[in-house]
Amino acid sequence: MSGLALELTGVTAGYGTTTVLRDVDLAVPPGKVVALLGANGAGKTTVLKTAAGLIRPSAGRIRLGGADVTARTPYQRSHRGLCLVPEGRGVFPNLTVRENIVLLGPQGSARDSIEKALTVFPALRGRLGHRAGDLSGGQQQMLALSRCFTGKPDVVLLDEVSMGLAPIVVDQIFEALHALARTGAALLLVEQYIGKALELADHVYLLDRGAISFSGSPAQLDEDELVRRYLHVEPDADGPADIIISGEQR
Ligand SMILES: Nc1ncnc2c1ncn2[C@@H]1O[C@H](COP(=O)(O)OP(=O)(O)OP(=O)(O)O)[C@@H](O)[C@H]1O
Ligand SMILES: [Mg+2]
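Using the numbering used here, count along the sequence shown one by one with no gaps and you end on 310.
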């Protein structure tokens, strides 16, 4: 038993004949926040998809709470406490907010799920009967995140949940992530707001062209060097706390 909430060991994975991840070792301890940073196309989403079971690795193992789940389906992994908040808005746009909360939450606890979601995201109150697709981008992301609070997952994988949102909404989303961390869930966080991610994280991995190039505490990272050497990004006008990965493709 590893005592880890999530562990990837020697994971090699990709799409068809294209190998994206090479021999990736990554560990998320229970209740801790781990940031996974890397340039566009480095393979961050692929790591999360492989952890969630959407991609089957060609080599390596994936463990959840010490149990080997490499051969388990995404559904089985979610039953074992794993929750993926995917890239984009992870909601059903044609269903109402209420229906989304109930569908994304645990079975048989509709009223409880709605109560919990509205407590964390009061902005959704008064919108329960609205079509999810008609909400603002920020509200849709709150709705997508509500499953992390209703389902009591042990491990949450978050793929750029602040993407494309206004700064004030980004702050609200990060407040929610801090609250989620306080519930005791372990988080694996992929973020373009590097400063905010490092503030929240206990541990950081850098992914460079599908391989882990750094593993350590946020304090060990020199943010300038991070920007220059690993992420190929431009400092944002707001300074290092809000550095955003540019659209640069490699
Ligand atoms: N469905 C797919 N089929 C084939 N190749 C893919 C697929 N999805 C991603 N890739 C390729 O895999 C590599 C890693 O992509 P991935 O989406 O994991 O990167 P990322 O680090 O999440 O990038 P971004 O910061 O842009 O979200 C890229 O070269 C990408 O083109
Ligand atoms: Mg991605």
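Just so it is clear, CB atoms sit at the ideal spot from N, CA and C, and this is done for glycine as well.
- Runs of beta strand (DSSP E) with 3 or more residues, each lying fully within the segment 98 to 145, are found at 119 to 124, 142 to 145, listed in chain order.
- Rounded to the nearest angstrom, the gap between the Cα atoms of Leu267 and Gly255 is 17 angstroms.
- C-alpha of Gly244 to C-alpha of Val221: approximately 19 angstroms in a straight line.
- Short of 8 angstroms from the beta carbon of Ala236, and not among the five residues preceding or following it, lie these beta carbons of its own chain, in chain order: Val180, Phe181, Met202, Leu205.
- The residue among Cys143, Asp262, Ala119 with its C-alpha nearest the C-alpha of Leu218 is Cys143.
- A distance criterion of 7 angstroms places the beta-carbon of Asp268 beyond contact range of ligand 2, judged by its closest non-hydrogen atom.
- At a Cβ-Cβ threshold of 8 angstroms, Leu247 and Val264 do not count as neighbours.
- Contact check for Gly165 against Gly141 fails: the beta carbons are separated by 8 angstroms or more.
- Asp219: member of the beta strand (DSSP E) spanning 215 to 219, first to last residue.
- DSSP places Arg242 in the uninterrupted alpha helix (DSSP H) bounded by 227 to 242.
- About 19 angstroms separates the beta carbon of Lys176 from that of Phe152, a gap too long to meet the 8 angstroms contact definition.
- Annotation for Glu251 indicates a beta carbon at 7 angstroms or more from all heavy atoms of ligand 2.
- The residue from Asp85, Ala241, His190 with its alpha-carbon nearest to that of Leu155 is His190.
- Membership of Arg82 in the beta strand (DSSP E) is indicated by the continuous run 78 to 88.
- Taking a 10 Å sphere around the C-beta of Ala119, we find fewer than 16 other C-beta atoms and assign the residue as exposed.
- Taken atom to atom, the span from the alpha-carbon of Lys104 to that of Gly74 is near 12 angstroms.
- Note on the segment 155 to 219: whole alpha helix (DSSP H) runs with a minimum of 4 residues are 157 to 164, 170 to 180, 197 to 210, in chain order.
- The secondary-structure analysis by DSSP pairs Val287 with nothing; it has no beta-bridge partner.
- When C-alpha distances from Val250 are compared across Glu285, Gly70, Thr106, Glu159, the shortest belongs to Thr106.
- For Thr78, the Cβ stays outside the 7 angstroms cut-off from all heavy atoms of ligand 2.
- As computed with DSSP, Ile272 is found in a beta bridge with Leu267.
- Spanning the alpha carbons of Thr72 and Ile272 requires a straight line of approximately 12 angstroms.
- The beta carbon of Ala112 sits closer than 7 angstroms to those of Pro134, Arg137, Leu142, Leu144, Leu217, all from its chain and outside the five residues before and after it, given in chain order.
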